[in-house]
Amino acid sequence: MQTILFILQKEFLQIFRNKTMLPIIVLVPFIQLIILVNAATLEMKRINMEVVDNDMSSSSRKLVDRFRASPFFSITRTTFSIKEAEKDLLEGRTGFVLHIMPGFEEKLGKESKASVQLLVDAVNGMTASLTNAYAQSVISDYNSDMVKARGGNAFISIMPKTIDIESSYWYNPQLNFKYYMVPGILVILVSMIGAFLTALNIVREKETGTIEQINVTPIRKYHFIIGKLIPFWIIALFELAFGLFLGRILFGMPVVGSLGLLFLFASVYLLVVLGLGLLLSTMAQSQQQVMFLSFFFLITFILMSGIFTPAESMPAWGQKANLLNPFAYFMRVIRMILLKGSGFKDIAGDLISITIFAAITLGMAIWRYRKAA
Amino acid sequence: MNSAGKIIEVKDMVKKFGQFVANDHLTFDVYRGEIFGFLGANGAGKTTAIKILCGLSLPTSGEIKVAGYDVYTGREQIKTRIGYMSQKFSLYEDLTVKENIRYYAGIYGLPRREINIKTKTLLERLNICNIANTLVREIPLGWKQKLAFSVAVFHDPELVFLDEPTGGVDPIARRQFWELIYEATGHGITVFVTTHYMDEAEYCHRVSIMSEGKISALDTPENLKKQYHANDINEVFVKIARNN
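Taken in sequence, the protein lines are chains A and B.
Residue numbering for the first sequence follows our numbering, starting at 122 and increasing by one per position.
Residue numbering for the second sequence follows our numbering, starting at 270 and increasing by one per position.
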């Protein structure tokens, strides 16, 4: 026990004396939250669009006005040449072209049915489908107004709306994307801090040769490991608290569930992350090697974790693979607790899984760690 | 402590790395209280041997006992009885002199009060009280070496291994370093030292000279000079190297 205290004292001295460490601890959460939460949004506003109105009728103008009034679209150019619009689309100057062909109003009057063409830049599939959906909804609003106005059937290539769907969104009623992102960023933040700092710290001792000096002492393996892990465990938990505080101040992040429960889960989860860092450090001889190794693992874990895309929409094999991804557990649990207010019973299964994870990772790390040169 | 008897017993020690034989059937003993010089050219296998004796790595074969414990089964017991100073003299550059001493002493399990008292005595003895709170990175190399040695013997081991402790400093600093070594032997600590500097070999009670993984000569410096008709150990070393 006394030995651990000596190690802790030394580690904290080194951490607080390190000129890059404190800025990392304080600035990284700040920057990640501000930039990523605001930038990595799936909401789309003001999609650049071009209008090719070859009909020039009052009906076509009304349809265009609908788009003009929508907050989702911003008309950057109006032209009569579909060729020019297509060129702009190809060259990326616009994301979406609305093409109204000649005879639009006439057909609408005679046949109660007319078509418009929507050209969507689908380089980014997600953006394309959202653009399409927004455009459809603008057109269908226009349709229903026309129906009311004429008392008849007027449709622009859209199925008659026979069922009114009224949606209500639970847990995040305003569909505020930031409330979804803040917890996700926090997971990444504490995981990176935990895994990277632990791995780097131990490998640095390998590089300077001090670890050899430790290895010729009678120190017990687990004393050394506990002494090495506790500082980063504390720092990562502090980061979580600091990040939650920032999320609250910057974005008004709601905390529906129990913070105590969140920190209970986080403290077990961090054992997995720190164990991972330790395990990586046993595989590497230099800080570069360990950085490369950690990047590989962390990026895979992060992208699979469901931070940007819901893990539920992954293919079945991906969801199975995610059972081995500790990040995915915390990603799910932190959102459940913060947004939904889930209680102990709801996360008990995840807590058990993550405890088993912790035992395995730490066990492997301790087993791999050798007091040898 | 200064009783006669073997503190290191090595019989047919072999260490192979794949096909390469780093230590080829080494056999030697080190007696309590002596300064044992372990010489050899670069790559002769000195560091490999030291690492085995310290319990940092396992030999491929051979019977080896250090401080009465077998290196196969008693490595952790050996570690309580030895001190070690490597070529890189592993002090933390971003800790102060005092903090380094405290950390290593703490790891050896010394109680805090004893550490404080012994640190004070040590700093006074080395006459470096003024730099007690200076970061190690800011002190000169010669002082770092002396400090590293003092840290290695801070817990009063029976035996200390020094792996090329005096690289890169001037002759005066080296001389002062050897004064520390003599002081330690005065307290009954056995010293096992490797070095490149043949003048330093003269300070040792007994010297072994390694080349290409084997021990080519082992005796007191006086006897070696006689045996090889040499004026100093440097000449002995060159003659042995030529014979191979």
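Just so you know, even glycine gets a beta-carbon here, dropped at the ideal spot from N, CA and C.
Item: Under 8 Å between C-beta atoms of Thr464(B) and Glu433(B); Value: yes
Item: is_contact[Lys525(B), chain A] using C-beta, thresh 8 Å; Value: Nothing about residue 525(B) can be reported from this structure: the residues present for chain B run from 270 to 513 only.
Item: Residues near Lys228(A) in its chain [Cβ-Cβ closer than 6 Å; skip 5 each side]; Value: Ala235
Item: Beta bridge counterpart(s) of Phe307(B) as assigned by DSSP; Value: Thr463(B), Ser477(B)
Item: Min CB distance Pro339(A) to chain B below 8 Å; Value: yes
Item: Neighbour-count burial assignment, Asn311(B), 16 or more Cβ in a 10 Å radius; Value: exposed
Item: Contact the region 171-188 of chain A vs the region 386-402 of chain A: 3+ CB pairs below 8 Å; Value: no
Item: Pair within 8 Å by beta-carbon distance, Ala374(B) and Phe430(B); Value: no
Item: Short CB-CB distance (under 8 Å) between Lys131(A) and chain E; Value: Of the protein chains in this structure, namely A and B, none is chain E.
Item: Closest Cα partner of Gly287(B) within the set Ile276(B), Asn500(B), Thr329(B); Value: Thr329(B)
Item: Ranges of the alpha helix (DSSP H) found wholly within the region 330-411 of chain B, counting only runs of at least 4; Value: 344-350, 366-376, 381-394
Item: Nearest-angstrom Cα separation, counted from Pro380(B) out to Ile128(A); Value: 14 Å
Item: Interface flag, Ala350(A) vs chain B, CB-CB below 8 Å; Value: The sequence given here places Leu at residue 350(A); Ala does not occur at that position. So no, Leu350(A) is outside the interface.
Item: Pairwise C-alpha distance: Met412(A) and Lys204(A); Value: 50 Å
Item: DSSP bridge partner residues for Ala291(B) (one or two, in chain order); Value: Beta-bridge pairing links Ala291(B) to no other residue.
Item: Run of the alpha helix (DSSP H) containing Ile196(A), from where it starts to where it stops; Value: Per DSSP, Ile196(A) belongs to no alpha helix (DSSP H); it is in the beta strand (DSSP E), 194-200.
Item: Interface residues of the region 132-149 of chain A facing chain B [CB-CB below 9 Å]; Value: Leu134, Gln135, Arg138, Asn139
Item: Meets three-Cβ-pair contact criterion under 8 Å: the region 145-159 of chain A and the region 361-378 of chain A; Value: yes
Item: Residues that Asn336(A) contacts on chain B, provided the C-beta gap is smaller than 8 Å; Value: Leu325
Item: Residue range of the beta strand (DSSP E) that includes Ile221(A); Value: 217-221
Item: Residue-chain proximity (Tyr518(B), chain A), Cβ-Cβ < 8 Å; Value: Because chain B here runs from 270 to 513, residue 518(B) falls outside it and cannot be looked at.
Item: Residue closest to Met485(A), alpha-carbon to alpha-carbon, out of Ile346(A), Ile125(A), Arg456(A), Gly315(A); Value: Ile346(A)
Item: Residue closest to Trp447(B), alpha-carbon to alpha-carbon, out of Arg382(B), Asp468(B), Phe289(B), Glu427(B); Value: Asp468(B)
Item: Minimum Cβ-Cβ distance from Glu328(A) to chain B less than 8 Å; Value: no
Item: Cross-chain neighbours of Thr331(A) in chain B, by beta carbon under 7 Å; Value: Ser359, Tyr361
Item: From Asp467(A), Ile351(A), Leu414(A), Glu171(A), residue whose alpha carbon lies closest to that of Phe386(A); Value: Asp467(A)
Item: Residue-chain proximity (Lys285(B), chain A), Cβ-Cβ < 8 Å; Value: no
Item: Alpha-carbon to alpha-carbon, Ile309(A) and Asn253(A); Value: 32 Å
Item: Member of Lys348(B), Ile478(B), Thr342(B) whose CA lies at the smallest distance from the CA of Phe506(B); Value: Ile478(B)
Item: Bridge-paired residues (DSSP) for Leu307(A); Value: For Leu307(A), which the question treats as bridged, DSSP gives no partner whatsoever.
Item: The region 333-353 of chain B touching the region 490-501 of chain B, judged by at least three CB pairs closer than 8 Å; Value: no
Item: Test: Phe465(A) CB closer than 8 Å to a CB of chain B; Value: no
Item: Cutoff 8 Å: Thr124(A) Cβ touching any chain B Cβ; Value: yes
Item: Below-8 Å beta-carbon distance, Ile370(B) vs any chain A residue; Value: no
Item: Rounded distance between the beta-carbons of Leu219(A) and Val237(A), thought under 8 Å; Value: 6 Å
Item: Below-8 Å beta-carbon distance, Phe353(A) vs any chain B residue; Value: no
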